[in-house]
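Trainee: Quick note: the sequence shown, position 168, residue 168 per the UniProt record's numbering, numbers continuous. Built from N, CA and C at the ideal position, the CB exists for glycine as well. Here the structure is a predicted model, which is why all the values come from computation and not from measurement.
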Amino acid sequence: MSSSIPPWRATASAPSTAGAFTTATPAYIPVQARRSLNHHNKSNPSTLNGAYQPAMSTTDTAQTRVEFSPAIRTYVQRCFAPENQIASVSTAEMQEKLREVITNAAKNDRLNAIDWERLQLPQIIIQNERNKILANPSVSSWAMSGQPASPGDASRKRKSTEHQQTEPDSPPWRKTNNRNRFEDRVTYPTTEKKSRMALDASSKSKANLEMRKKRFEGAGATYGNSATSSPQPEVDQGPVVGRCEKLEKNYFRLTSAPNPDTVRPLSVLKMTLDLLKKKWKKEGNYGYICDQFKSLRQDLTVQHIRDEFTVSVYEIHARIALEKGDLGEYNQCQTQLRVLYSQQLGGHPTEFKAYRILYFIYTRNWTAMNDALADVTAEDKKDPAVKHALNVRSALALGNYHRFFMLYLDTPNMGAYLMDMFVDRERLSALAAICRAYKPDVTIRFITEELGFESDEQTARFVIDHSSAELLEEKSGTVRLLTGKAGGLFEQAKAEAHRVVDIKGQI
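#1: Under 8 Å Cβ to Cβ from H402, same chain only, skipping five residues before and after it: list those, please.
#2: Using a Cβ distance threshold of 8 Å, determine whether the stretch 72-88 contacts the stretch 121-138, with at least three qualifying pairs required.
#3: Could you tell me which whole beta strand (DSSP E) segments of length 3 or greater appear in the stretch 425-468?
#4: Expressed to the nearest angstrom, what Euclidean distance is found between the alpha-carbon atoms of residue 508 and N413?
#5: Out of curiosity, what's the CA-to-CA distance linking A430 and V376?
#6: Suppose you measure from the CA of T459 to the CA of I447; what does that come to, to the nearest Å?
#7: Given this structure, state the Cα-to-Cα distance separating V313 from V241, to the nearest angstrom.
#8: Bridge partners for E474 per DSSP, in chain order?
#9: So, Y362 versus M406, is the Cβ gap smaller than 8 Å?
#10: How far does the alpha helix (DSSP H) with N128 in it reach, from first residue to last?
#11: Which of the three DSSP states, helix, strand or coil, is assigned to T377?
#12: For S90, collect the residues of the same chain with a Cβ closer than 7 Å to its Cβ; drop the 5 residues on either side in sequence, then sort them by chain order.
#13: Given this structure, state the Cα-to-Cα distance separating Q77 from F462, to the nearest angstrom.
#14: If we define contact as Cβ-Cβ less than 8 Å, is R393 a contact residue for chain B?
#15: Which whole-angstrom value describes the C-beta separation of T483 and Y438, a residue pair presumed to lie in contact below a C-beta threshold of 8 Å?
#16: From which residue to which residue does the alpha helix (DSSP H) around E351 run?
#17: Assign R99 to one of three DSSP states: helix, strand, or coil.
#18: Could you give the first and the last residue of the continuous alpha helix (DSSP H) run that contains R338?
#19: If you reduce the DSSP assignment to three classes, tell me which class T411 lands in.
#20: Does V240 come out as helix, strand or coil in the three-state DSSP assignment?
#21: Taking the C-alpha atoms as reference points, what is the distance between L345 and V311?
#22: So, under 8 Å CB-CB, D299 and R356 are touching, yes? Tell me the CB distance rounded to an integer number of Å.
#23: Could you say which of I305, L266, S88 and E426 lies nearest to N400 if we only look at CA atoms?
#24: From this set, R480, P349, L396 and A395, which residue's C-alpha is nearest D383's C-alpha?
#25: So what does DSSP say about V263, is it helix, strand or coil?
#26: Just the C-alpha distance for Y359 and L418, rounded to the nearest angstrom, thanks.
#27: Between V479, S467 and K107, which lies nearest to G487 when the distance is taken from Cα to Cα?
#28: Between R393 and the rest of its own chain, which residues show a CB-CB distance below 7 Å, the 5 nearest in sequence each way excluded?
#29: Taking the alpha carbon of E315 as the reference point, which residue from K249, V339, V423 and D441 has its own alpha carbon closest?
#30: Give me, in chain order, the residues of the same chain whose beta-carbon lies closer than 6 Å to that of T443; leave out the 5 immediate sequence neighbours on both sides.
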């Protein structure tokens with residue numbers, strides 16, 4: 001046994017060895033108490049040694065909220081508009097580029113200096129950047145053929161496959177069995193293997209890039225003009241600028257990228273519209289006019305021209321189609337006009353809102369009718385055309401045929417062309433109601449005045465076309481309809497007329 005005393009026993013045995021009058025050293029360092037909360041004692045050794053650190057006062061830097069101008073808000077709305085979307089640019093990419101554009105403008109204090117109406121949309125900026133990359137001859141075709149993996153997909157891959165690079169020209173069996181190579185089965189430390197494979201990949205990529213650079217420098221022209229060279233992938237070039245000076249051009253459906261030499265610029269299109277209006281008034285050839293208007297609309301679309309002139313073109317074509325009863329073309333113009341009106345580009349939105357309501361009455365599309373009614377504002381209801389269309393809808397919903405035909409005889413603008421599409425259907429419904437209410441007969445003159453016919457002869461012809469001449473008889477010098485016998489026939493005719501009509505106006 002050793003005679004040395006352990007350290008923990010040294011303190012306890014100290015009084016017996018040092019004598020009764022020896023004071024033991026305390027096992028702690030005395031600290032002077034603070035007398036004030038404002039200043040700490042600089043002589044405090046614990047403070048000097050860093051044992052006591054007062055809490056740092058933090059100032060809350062409140063972020064000031066940026067109020068964007070209406071021009072910036074309109075620019076953002078244009079970015080998300082469906083008609084401005086590009087298939088090759090995802091929504092996430094567009095949003096990232098939009099955030100970058102606005103952030104850079106804010107950092108440089110140029111939010112109010114930029115002309116946001118003429119600034120390119122983020123998707124077009126991304127597209128132009130990709131086109132520049134494609135135009136670079138140092139980028140090979142094989143590098144552009146594959147789609148880049150998204151960051152989300154890369155994060156879901158296993159770590160063991162992050163460094164597996166297969167040559168694009170290697171056969172499939174080597175791509176499949178690449179991970180079974182003996183070199184990959186050797187066990188390395190994790191960091192060593194990563195650094196080794198990263199070094200190999202970087203050296204190979206540098207060597208390949210150098211070889212491609214030399215190959216393109218030596219035979220770039222020959223390769224580009226070779227008949228066996230693989231074509232570059234087609235990329236949406238965005239809007240084109242037309243160079244055609246012809247005023248008249250037939251309409252052909254686009255099956256490839258538009259050729260600027262066959263597209264008319266805006267100045268020529270304005271002269272074309274003036275020419276078409278004169279020809280329509282003079283000749284009235286709807287087949288020719290419709291073909292020319294479709295060609296004009298196509299040139300506006302491929303050049304991404306959206307302004308007051310575009311609205312005018314669609315409005316004129318819609319009115320002509322209404323006049324000739326071509327509801328297919330009218331519906332196309334009506335759909336596009338709704339988008340243009342939402343961008344506040346001018347035109348006559350209230351007039352065509354009234355047409356939309358009457359059109360949906362004809363097609364009996366009540367879902368679309370609800371959307372149209374939701375678009376009508378309190379200011380729109382003051383317009384005579386919109387007010388008339390709403391009254392027509394209300395009269396039919398209530399079954400008030402007397403009021404409906406009074407409104408039919410006093411239709412503003414070109415709404416009468418639309419009401420002509422379904423007035424006969426409502427006349428059959430009214431005749432079925434008259435046959436139930438009036439027995440045994442009713443005069444033709446009463447029907448003429450009640451259902452808005454122009455003459456008694458027209459009324460009699462309508463009754464005969466939908467029932468039978470035997471239901472009309474002359475009595476007391478007047479022609480009368482035998483309502484008791486005609487009721488069933490008009491009920492059948494009513495059911496046939498109220499079949500659902502599709503969106504283009506076809507039964």
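Mentor: Straight from the coordinates:
#1: E450
#2: yes
#3: 441-443
#4: Given that the chain is displayed from residue 1 to residue 507, the structure contains no residue 508 and the question cannot be resolved.
#5: 29 Å
#6: 7 Å
#7: Those two C-alpha atoms are separated by around 19 Å.
#8: V479
#9: Contact: no.
#10: P122 to A135
#11: coil
#12: none
#13: 52 Å
#14: Given the protein chain composition of this structure (a single chain), no chain B is represented.
#15: 5 Å
#16: P349 to T363
#17: helix
#18: L327 to S342
#19: coil
#20: Coil at V240, not helix or strand.
#21: 7 Å
#22: Contact flag wrong, Cβ pair sits at about 26 Å.
#23: Measuring from the Cα of N400, the nearest candidate turns out to be E426.
#24: If we check each option's Cα against that of D383, P349 comes out closest.
#25: coil
#26: For Y359 and L418, the distance between alpha carbons rounds to 6 Å.
#27: Residue nearest to G487 within the set V479, S467 and K107 is S467 (criterion: CA-CA distance).
#28: Within the same chain, R393 has close Cβ partners I357 and I361.
#29: V339
#30: T478 and R480
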